Structure formats: C-alpha cells, structure tokens
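One structure is given below, encoded as structure tokens.
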Amino acid sequence: MTLKIGQNTIICDSSELEGDITIGSNCVLHPFSRIIAKDGPIVIGDGNLLEANCVLINEKKGTRDSSAPMRIGNYNRFEIGSEVRSLTIGNCNVIGIKTKLERGSVLKDGIVIAPTVNVKDGVQVQNYTVMFHKPELIVNISSEIQKEENKLSTTEQIAFLKNMLPKYNNIRN
C-alpha cells in the first residue's frame, strides 16, 4: 500500500484507506469515508470533499476488465453514502446523497447528480448537466457558471470543515 497525501488535507481517523492512493491538497475525508484501491490505483485531485459513509472503490467487474487507475479531478463533492466505481470523474461535480456511479460511467465537468440516482455502466454525463431520476429530467445548462458555483460551494464547505472536524474527530497525521 502506498499513500500520498497533499498539503492541508484532513483525513479523519475513522476513514478507511486501502491500496495505492494519491490524494491532492486541501481535501477533506469525513469520518467513515472509504477509499479502496483494490484492482488499480486511485488518484484524487485537489479540493475534493468526501462526506460520511461515501466510498470510492476501484474494483474490476470481471475477468475481462482491466486494472485501470481511477482518476478524480479537482473540487468534487461526494455527498453522504455515495458509492463511486467510475474510473473517470472530471472537475467541480456534486455527487448527491446515496448516488451510485457504476464502473463504466464517465462524468465530465460542472455536473450535479441528484440524490439516489444510479449512473449506469457506459453512460457519459456531459459538461454542465443536472441529472435527476428520470432520463427526461436531465438538464444541460450549457454554462460554466454551474462549474464555478460547484467549486465555490465545495471550497467553502472544505474551509468550514477544516476548522470544525479536528474539534470533534481524531485526525490522521
């Protein structure tokens, strides 16, 4: 197991880290968040927020699947209980509560996925999309404003949590 952690990243002691993992700077891992690099490395960019009970897992689906790395961009927020198996996630996305991203799914930039949505294997979610439960409710807002708003809200939450989490949780050194 190799673990590389960027500057000013806060990882609560109760989070689980397994395998070859690289975490960028200014990230926050809530209590009971999990990063499991079982069948390939996981590389996480800067300014990402993993909320409680969220799991990022790089695990092959079958014998034909490759051991590719999972790459997570910058300023993404993975909300409570989300389960991410997607190998490619861009920048400034919000992954809703208990959302599931299957291994073959791809997220570009500035995306909001509503709570409990399951993004299936093979689905590519395009830039600046807001995705709900029903396919007919997918909205493409075609604007970088969404991307910047996602980045700002994630950055603000990280700043708050970096102050509060150490007061109530044990933090890894």
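Quick note: the sequence shown uses numbering that gives the first Met the number 0, first residue 0, plus one each step.
Even glycine gets a Cβ: it sits at the ideal position worked out from N, Cα and C.
Computed from a prediction, not measured in an experiment: that's the story for all the values here.
Beta-carbon spacing of residue i, residue j below 8 angstroms
{"i": "T21", "j": "V54", "result": "no"}
{"i": "V93", "j": "V124", "result": "no"}
{"i": "G109", "j": "I88", "result": "no"}
{"i": "T154", "j": "G23", "result": "no"}
{"i": "I79", "j": "A113", "result": "no"}
{"i": "E58", "j": "K37", "result": "yes"}
{"i": "G39", "j": "S66", "result": "yes"}
{"i": "N126", "j": "Y74", "result": "no"}
{"i": "V27", "j": "I4", "result": "no"}
Reduced DSSP secondary structure (H/G/I, E/B, other) of residue i
{"i": "A158", "result": "helix"}
{"i": "L100", "result": "strand"}
{"i": "N57", "result": "strand"}
{"i": "E148", "result": "helix"}
{"i": "E143", "result": "helix"}
{"i": "T1", "result": "coil"}
{"i": "T8", "result": "coil"}
Nearest-angstrom beta carbon gap, residue j and residue i [assumed within contact, 8 angstroms]
{"i": "R70", "j": "L86", "result": "7 angstroms"}
{"i": "L48", "j": "I157", "result": "6 angstroms"}
{"i": "N162", "j": "C11", "result": "Not really, about 14 angstroms apart at Cβ, beyond 8 angstroms."}
Inter-residue Cα distance where the pair is residue i and residue j
{"i": "M0", "j": "I56", "result": "15 angstroms"}
{"i": "V129", "j": "K146", "result": "11 angstroms"}
{"i": "V122", "j": "N90", "result": "17 angstroms"}
{"i": "G103", "j": "D120", "result": "4 angstroms"}
{"i": "V111", "j": "G95", "result": "7 angstroms"}
{"i": "V83", "j": "F159", "result": "24 angstroms"}
{"i": "V116", "j": "T98", "result": "5 angstroms"}
Bridge partners - residue i, DSSP secondary structure assignment
{"i": "N117", "result": "K99"}
{"i": "M163", "result": "Answer is none; M163 lacks a bridge partner."}
beta-carbon residue i near the ligand ZN non-hydrogen atom, thresh 7 angstroms
{"i": "K60", "result": "Only the bare structure without any ligand can be found here, which leaves the ligand ZN out of the picture."}
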